[in-house]
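Take a look at the structure below.
Numbering (my numbering), first residue to last: 21 to 342.
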């Protein structure tokens, strides 16, 4: 890996800022080819711009070629600087537009999948109200896995995230919003729901989700020797539909699929049911842009009713969030 050069960087110009924006797009896309569509440029043109930026900054930003794309140590520092510069310019533009009573810019949000089918989630309604109040803001909404949302917040790809990931990252702030109920389901077989005590005898296996300790604990409780591993809710559901497995799914998810697939709750497994808290997550030391602050206020107002309705149950689940 190339070391950070010891020569000073010359004063930056408007052209340098443009090159830094191109470099940021390439770094966030993970390579030159992946950035072609986002930038509207051919790979050869992007490569030429990167070379020009490296010459201006006096150091190698990335390794690119048949072996793949990888940022150098200097490139990672340059990417942080490019993000900061872009946000500073956006903040100036926001302030000037606010002075004219106009909110603009881009709001980047990472959200977990299947929140839409959860009746306790007010996110869609919050987005409707947000669009009414800030029609000129471009909303960039991405569905991501919980770990990817947390990573995206830390590398500043997202301004805010909504996820069921548990708190524990010092740089992030978790604000509880709503609950999601998980129960043990299977797909209807022989016109009946299986009993927990009969699962092993009838040859059922358990679907475990990647990095989900609850399903791994359930495997020990149920004493099922046959295991399948799933990556995401739809993967769990697909294995259940294939037959011969039990697995945890959210109640609202099962209800959404009811017209197509006959999921049934395993009898006698009520003690294995659990709640997951979904939170609004932001980066602790990063001031929210005005658009993110507005959407946050709307979410708090709408989700407040949900918190009050659940009362003590919500307080008990979210009590360790601080």
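Cβ atoms here follow ideal geometry from the backbone N, Cα and C, with glycine treated the same way.
contact_flag[the region 258-269, the region 212-228] where n(CB pairs < 8 Å) is 3 or more: yes
Would DSSP call residue 157 helix, strand or coil? coil
Within 10 angstroms of its Cβ, does residue 301 collect 16 or more other Cβ (buried), or is it exposed? buried
Residue environment, residue 279, which counts as buried when at least 16 other CB atoms sit within 10 Å: exposed
At what residues does the alpha helix (DSSP H) containing residue 166 begin and finish? 166-174
Below 6 Å CB to CB, which residues in the same chain sit around residue 107 once its five sequence neighbours on both sides are set aside? none
If you drop the 5 nearest sequence neighbours on each side, which residues of the same chain put their C-beta closer than 6 Å to that of residue 249? 228
Quick one: give me the first and last residue of the alpha helix (DSSP H) that residue 286 is part of. Run containing residue 286: none; DSSP gives neither H nor E here.
Residue 216 and residue 287 - do their beta-carbons sit closer together than 8 Å? yes
Closest to residue 199 by C-alpha separation, out of 189, 293, 239 and 178, would be which residue? 293
What residues in its chain sit with their C-beta under 6 Å from that of residue 95, if we drop five residues either side in the sequence? 81 and 82
Consult DSSP for residue 95 and reduce its assignment to one of helix, strand or coil. helix
Rounded to a whole number of angstroms, what is the C-alpha to C-alpha distance between residue 27 and residue 37? 20 Å
Relative to the C-alpha of residue 191, which residue among 31, 103, 304 and 322 is closest? 304
Same chain, Cβ closer than 8 Å to residue 239, five either side skipped, listed in chain order: 226, 228 and 247
So, is residue 33 buried or exposed, given that buried needs 16 or more other C-beta atoms within 10 angstroms? exposed
Residue 124 and residue 175 - do their beta-carbons sit closer together than 8 Å? no
Identify, in the order they occur along the chain, each residue of the same chain with its Cβ nearer than 7 Å to the Cβ of residue 322, setting aside the five sequence neighbours on each side. 142, 145 and 146
Among 167, 204, 177 and 203, nearest to residue 188 - alpha-carbon criterion: 167
Could you compute how far the alpha carbon of residue 230 sits from the alpha carbon of residue 116? 46 Å
Report buried or exposed for residue 289, applying the criterion of at least 16 other Cβ atoms within 10 angstroms of its Cβ. buried
Specify the secondary structure class of residue 179 as computed by DSSP and reduced to three states. coil
Can you tell me which of 291, 254, 39 and 43 puts its alpha carbon nearest to the alpha carbon of residue 234? 291
Counting only the same chain and skipping the five closest in sequence on each side, list residues whose C-beta sits under 7 Å from that of residue 307. none
Nearest to residue 40 by CA position, among 131, 62 and 69, is which residue? 69
Give me the Cα-Cα distance between residue 253 and residue 269, rounded to the nearest whole angstrom. 7 Å
Between which two residues does the beta strand (DSSP E) harbouring residue 76 extend? Run containing residue 76: none in the beta strand (DSSP E); it sits in the alpha helix (DSSP H), 63-77.
So which of 47, 72 and 127 has the shortest CA-CA distance to residue 19? Nothing about residue 19 can be read from this structure; the chain reaches only from 21 to 342.
Quick check on DSSP: helix, strand or coil for residue 223? coil
Is residue 163 buried or exposed, if buried means 16 or more other CB atoms sit within 10 Å of its CB? exposed
Rounded to the nearest angstrom, what separates residue 180 and residue 212 at their Cα positions? 44 Å
Given a cut-off of 8 Å, decide if residue 66 and residue 56 are closer than it, judged by their beta-carbon atoms. yes
DSSP three-state label for residue 207, please. strand
Check whether the Cβ atoms of residue 130 and residue 194 lie closer than 8 Å to each other. no
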